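Reviewing the structure listed below.
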Amino acid sequence: MILGTLEFMWGSPWWVIPLAILVGLGYAWTMHGKRPLPEIQRFWRVLLWTLRALVVTMIVLLCFEPQWLSMERQVDPPLVVVALDQSRSMERTGQRAEAMLSFGQDLRQKLGKEYRVEILGFGDEVIPYPSIRSTSSDRQPAFNFRGAATNPDGLRSWVDEQMGQNPVSAWVLVSDGQFNQGADPLYLLDKDKTPIYTLTCGQPSANQPYWSMGTPTAPIRVPAESSFEIATTVQGLLRGSAGLRLELLSLGLAAASVGNVQGTTLADQAKVNQGSSPFSSTIQLKASVGKPGIYAFKVRGVLEGFSKGSGADPLPNQVEERLIYVEAVETLRRIQILALAPHPDLGVLRQTLEETLNYRVELSYGLQGLEQAAKDALADLYILHQWPSVDAGSARNPWLEQIYKQGKPLWFLGGPRSKWASWPGNAQSQNASISSNSVSPALNKSWNAFVINAQDEQMLRRLPPLTVWVSGPSTFPQNQTLLYRQIGSVNSERPLWTIDYQSNPAKAYLWGEGLWRWRLASMNSVESSKTSSDNLPLAIHQRLILQTISLLLSGRESDRFEAKPVKAVFNETENVVFEASSRNASGEFENSAPLVLQISSENKVLYEGAITPSGMGYSLSAGRWVPGTYQYTATLTRNGIAAVRKGTFAVSQYDLESGSGLANQALMNQLSALHGGLARQAEIPKNSANGSRPSTALSDAVEDFAKHILENPVIKPSSYQVTQLTEWSSWPLLWIILWSLMGLEWLLYRALGGK
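Those letters in the sequence shown? Residues 149 to 903, by the numbering used here.
Next comes the structure, spelled out in structure tokens:
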């Protein structure tokens, strides 16, 4: 239903209206005043004048495009969203997928056309099912219980995107109440302040014997030839002497699939015996890895000593298994930070390097740290903060000279006590230091030793300035300069961050202090975007630090080709993404050569296709894969010569929300009670019935929900105002009036003797 009003709008100055009237009168005078028809009555003369003046005035006004403003209030029927849980845990409730979809369709028919009913399946993603306006020829998606996750977040997003200004009038949630992703539905659905109707599927958990095992947690990457712990949470309610035995099975390096248990070894085990009280425990199991690669471990829970009591009690699962993958990385590279005194920038460097699990970082201060580093000579790279220092006196520092002679890569970080005469471009100036100056980073557009994309460059512009203590060289080799200095809005050719990766040993220089400000800015950026992911992307300062270290340690290969997945272990709800980069003979990034990716498992090729160019490299989203380990081969062909990269990646299983198969009826009841709806427990099919607990047939639930919705005064149509501008020239009636007036004038003029 649409109710509206019209309002005249005039976008030009108001003096245009009298001007148009004068033009109309003037034109009428030239036609009927200057040369009037002889012997006609005054009435007809005035009428001809009026018609001509009115027509010309209207034409002049139309040239200035006047508009109508229509303010309409649109009334939409109440929107009822039926959300059906499509996760795998619903299979354990005994309900059939077809019955769940039929429930939503029956409720839609029961409410009739006075209500708009949208049926949404949710799990890994939100899938809309045909509305009442769909035709029989429309392709309908299949409804099944295949989702690896139960995530209610997509429901809110879908409604906000698809429904526009039409708010939800009521929710109907059909689920077992077990959620393993996203926000708590108590808070997510509370945003609407609308009634929530819940239909709980599965056996209620109250006083029923059960147990479940959570998803094991372990480090994503560990050092090769090392030991670590895998934590597993178990919870439940058992009787008497019943207990659990947890086993950690090592499947070895790159096990073929989830079901591959051949060649397994028992790494560790533990027992849980909690008597007859509800329990929740976290068990630590010890594991170890050997050479670098991806290792598969299986955590197995076995129920022991359980005796089935009353026939009304269900028998808990005897065995539950969870698979987890861990990547063993190369032996850690040793990086030693030698500083004159403590500084917050050192903490940024140390944290960034240690978080990668690829480096062992040691931090030492003063001459004692220099002496120990010179004697041990164990580091693969040295980071020197304010060394050489003016505080060391005029005498040569033998420890620093010994470190230089080791031939290891060096990264110099400047500060107020640095001895700038030893820095590049300052060899002739012993007193090159200046008062502190704040400079912003400006990217060298010609830098190509590693990729800095457009997003990184944009993030660089938003970083706070660094503090520099020396003017530094006025110019620097372009191929060694990563960042220039920018003071205010003025760019300069003076270097801020340089990497001489072609020298022996490789050296890097950072003229400014203030990396800690960059870290704070990145933390504030993440907080303001309200990111809630466990795998946050690296901040720009972290990427620059890690790329600098990598370049110093390995140098730049003039013809390098790399291809690998963005991470070693994915879960089955994620897309497997590959990235690759290649440099030509000149050392420049190029992606014109064809790159082919092949993915296989158990010597069977499962995928073969091209990795497409993206930016300065290559990128491919290979979609979702079933749990298991896979081998990949990437082949780049340039000038008839093939370069090949091989590797392994794994896809872990996203475990069910609850291994017990029991429903979280308390959550479902709380949802409906807090929002003025109804709660019903779905009747369990006969083949899985286990008692005479209160339950409702699906058809009865449809009747109950429909009756309550129809009688609920809170559920009512919604309305909103729609504003629309319409030009007069697009109004057909106006043109009909205009042509009618022109025709009437012409007929009168002819009838009165005009020619």
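Don't be surprised by glycine CBs; every beta carbon is placed ideally from N, CA and C. Computed from a prediction, not measured in an experiment: that's the story for all the values here.
With 16 other Cβ atoms within 10 Å as the buried cut-off, status of residue i
i: Y552; result: exposed
i: N672; result: exposed
i: Q219; result: Checking the sequence, you will find Met at residue 219 rather than Gln. Exposed, by the Cβ-count rule.
i: V409; result: Residue placement at V409 is poorly supported in this model, since its pLDDT is 44, which falls under 50; the coordinates are not used for a value here.
i: L614; result: buried
i: E875; result: exposed
i: N601; result: exposed
i: N723; result: exposed
i: G295; result: buried
i: V792; result: exposed
i: L170; result: exposed
i: P161; result: exposed
i: P426; result: exposed
i: I531; result: buried
i: E309; result: exposed
i: D604; result: exposed
i: R609; result: exposed
i: D524; result: exposed
i: L526; result: exposed
i: A814; result: exposed
Helix, strand or coil at residue i [DSSP, three-state]
i: L154; result: Low confidence applies here, because L154 scores a pLDDT of 48, under 50, leaving its location unreliable; read the following figure in that light. L154 falls in the strand class under three-state DSSP.
i: G839; result: Because the pLDDT of G839 is 43, which lies under 50, any placement of that residue in the model is unreliable, and the number read from its coordinates should be weighed accordingly. Residue state, collapsed to three classes: coil.
i: W887; result: helix
i: K261; result: coil
i: M361; result: strand
i: D416; result: strand
i: G788; result: coil
i: I472; result: strand
i: P161; result: coil
i: M311; result: coil
i: F270; result: strand
i: K855; result: helix
i: V599; result: coil
i: F251; result: helix
i: N719; result: strand
i: Q351; result: strand
i: T871; result: strand
i: F293; result: coil
i: L209; result: helix
Beta-ladder partner(s) of residue i, from DSSP
i: G795; result: Y780
i: S537; result: S566
i: F906; result: Residue 906 lies beyond the range of the chain shown here (149 to 903); nothing can be said about it.
i: V437; result: Bridge partners of V437: none, in fact.
i: Q634; result: S588, N639
i: Y345; result: V320
i: W645; result: L631, L658
i: A827; result: T346
i: K752; result: S749
i: F445; result: S398, I472
i: Q432; result: A379
For residue i, the nearest candidate out of the options (CA to CA)
i: G453; options: Y443, A366, F718, Q466; result: Q466
i: N314; options: L347, T298, R221; result: R221
i: K855; options: G260, P166, I169; result: G260
i: W535; options: G562, E641, W876, L526; result: G562
i: W887; options: L199, S847, D648, W177; result: L199
i: W559; options: N601, L591, V616, K655; result: K655
i: A487; options: I267, P343, E510; result: E510
i: A366; options: F445, Q189, L822; result: F445
i: S730; options: P742, T721, E720, N719; result: P742
i: N292; options: M238, K341, L255; result: M238
i: Y443; options: V420, T430, L471, D416; result: L471
i: L620; options: N585, A728, D852; result: The identity of residue 620 in the sequence shown is Gly, whereas the question assumes Leu. Selected option, being the one with the closest Cα: N585.
i: E859; options: F624, H689, Y263, F327; result: Y263
i: I789; options: S867, F709, Q813; result: F709
i: K712; options: T783, V370, V474; result: T783
i: I697; options: T721, Y657, S866; result: Y657
Short CB-CB distance (under 8 Å) between residue i and chain D
i: A791; result: No chain D is part of this structure, which consists of one protein chain only.
Tell me, please, whether the region 289–308 touches the region 197–216 by the rule of three or more beta-carbon pairs shorter than 8 Å.
no
Taking one C-beta from the region 168–182 and one from the region 844–851 each time, how about it: are there three or more such pairs within less than 8 Å?
no
Do the region 371–379 and the region 428–442 touch if we need at least three Cβ pairs shorter than 8 Å?
yes
Three-pair Cβ contact test at 8 Å for the region 394–401 versus the region 503–523:
no
Any contact of the region 229–237 with the region 187–201, i.e. 3+ C-beta pairs under 8 Å?
no
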